[in-house]
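> Read left to right, the sequence shown gives residues 1 to 160 (the UniProt record's numbering).
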Amino acid sequence: MRPAAVEDLEEILALEEDTFVSDAWSRPQMASELASPHTSYLVVVDDVEGVVGYGGVLAPSGSEDADIQTIAVAPSFRRAGLGRAIMAELIGAARLAGAERVFLEVREDNPAARALYADLGFVAIGVRPHYYQPDDVDAIVMRLEFEPPADAGVGPVGAS
């Protein structure tokens with residue numbers, strides 16, 4: 001796993017189109033995401049297959065909120081822990097940027113992804129009706145709240 005680069009755009013787009021057939025991001029959208037100073041994108045590269053997974057998080061420095069923008073794993077590499085590993089890296093990037101919580105949207109008709117996110121600690125907090133078009137599928141909005149550090153709120157020793 002490594003940070004995504006502009007040179008990865010073609011392979012990321014190919015996986016994007018294979019994964020999100022009816023609502024894949026366009027080339028300008030993905031290029032903008034990769035170039036943004038507020039996003040962190042990474043790729044998983046197989047020596048033979050090339051890019052077999054990617055994900056991105058919007059986590060502006062100093063913001064309390066971060067958003068998982070997208071994540072995809074090639075079908076032949078699913079159920080092997082890649083999605084979980086990508087999510088762990090994205091969550092870590094959000095935390096490093098100072099986020100206190102991470103949001104995401106997931107298709108209502110994607111039980112595997114919903115189960116993974118729940119297992120990672122995300123909880124459903126709402127529904128966005130008809131969010132995914134042209135399929136007319138609802139989005140489940142999920143949130144992960146970070147636990148405050150154990151010493152949060154504790155002042156210097158001897159302070160009263």
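All C-beta atoms in this analysis are idealised placements derived from N, C-alpha and C, irrespective of residue type, glycine included.
Out of curiosity, what's the CA-to-CA distance linking Met-142 and Glu-49?
Here residue 142 is taken as the residue at index 142 of the sequence shown, counted from 1. Here residue 49 is taken as the residue at index 49 of the sequence shown, counted from 1. Taking the straight line from one Cα to the other gives about 32 Å.
> By the DSSP assignment, the alpha helix (DSSP H) with Ala-139 in it spans what residues?
Along the sequence shown, one-based indexing puts residue 139 at 139. Premise fails: Ala-139 lies in the beta strand (DSSP E), 137-145, not in any alpha helix (DSSP H).
> Regarding Tyr-117 and the ligand FMN, is the C-beta to nearest heavy atom distance less than 8 Å?
You won't find the ligand FMN in this model; it holds no ligand whatsoever.
> Going by the DSSP bridge assignment, what does Gly-53 pair with across the sheet?
Taking the first residue of the sequence shown as position 1, residue 53 is located at position 53. Beta-bridge pairing links Gly-53 to Val-44 and Val-73.
> Using CA atoms only, rank isn't needed, just tell me which of Glu-147, Asp-109 and Gly-98 is closest to Phe-122.
Counting from one through the sequence shown, the residue named residue 122 turns up at place 122. Here the closest residue by C-alpha is Glu-147.
> Ala-93 and Ala-124: beta carbons closer than 9 Å?
Counting from one through the sequence shown, the residue named residue 93 turns up at place 93. Counting from one through the sequence shown, the residue named residue 124 turns up at place 124. Result no, Cβ atoms of Ala-93 and Ala-124 do not sit closer than 9 Å.
> Excluding the five sequence neighbours on either side, which residues of its own chain have a C-beta within less than 7 Å of the C-beta of Leu-13, listed in chain order?
Along the sequence shown, read from residue 1 onward, the residue named residue 13 stands at position 13. Answer for Leu-13: Arg-27 and Met-30, listed in chain order.
> Quick check on this structure: which residue in Ile-86, Asp-46 and Met-87 has the alpha carbon closest to the alpha carbon of Ser-76?
Locating residue 76 in the sequence shown gives position 76, counting from the first residue. Among Ile-86, Asp-46 and Met-87, the Cα nearest to that of Ser-76 belongs to Asp-46.
> Could you give the distance in angstroms between the alpha-carbon of His-130 and the alpha-carbon of Ala-72?
Along the sequence shown, one-based indexing puts residue 130 at 130. Along the sequence shown, one-based indexing puts residue 72 at 72. Taking the straight line from one Cα to the other gives about 21 Å.
> With a cut-off of 8 Å, do at least 3 Cβ pairs link the region 3-10 to the region 110-120?
Counting Cβ pairs under 8 Å, fewer than three are found: no touch.
> List the whole-angstrom C-beta distance separating Ala-24 from Glu-16, where the pair is believed to meet the contact cut-off of C-beta under 8 Å.
Here residue 24 corresponds to residue number 24 of the sequence shown, with the count starting at 1. Here residue 16 corresponds to residue number 16 of the sequence shown, with the count starting at 1. About 5 Å separates the two Cβ atoms, so the contact holds.
> Considering Leu-96, what are the terminal residues of the alpha helix (DSSP H) in which it resides?
Position 96 of the sequence shown, counting from 1, holds the residue named residue 96. From DSSP, the alpha helix (DSSP H) with Leu-96 extends over 82-96.
> On the three-state DSSP scale, how would you describe Leu-9?
By one-based count along the sequence shown, residue 9 stands at place 9. Helix at Leu-9.
> Note down the Cα distance separating Arg-128 from Val-102, rounded to an integer number of angstroms.
For the purposes of this step, residue 128 is taken as residue 128 along the sequence shown, with counting starting at 1. For the purposes of this step, residue 102 is taken as residue 102 along the sequence shown, with counting starting at 1. For Arg-128 and Val-102, the distance between alpha carbons rounds to 17 Å.
> According to the neighbour-count rule (16 or more other Cβ atoms, all chains shown, within 10 Å of its Cβ), is Gly-81 buried or exposed?
By one-based count along the sequence shown, residue 81 stands at place 81. With fewer than 16 other Cβ atoms within 10 Å, it is exposed.
> Which partner residues does Asp-67 have in the DSSP bridge list?
Locating residue 67 in the sequence shown gives position 67, where the first residue counts as 1. DSSP lists Leu-58 and Phe-103 as partners of Asp-67.
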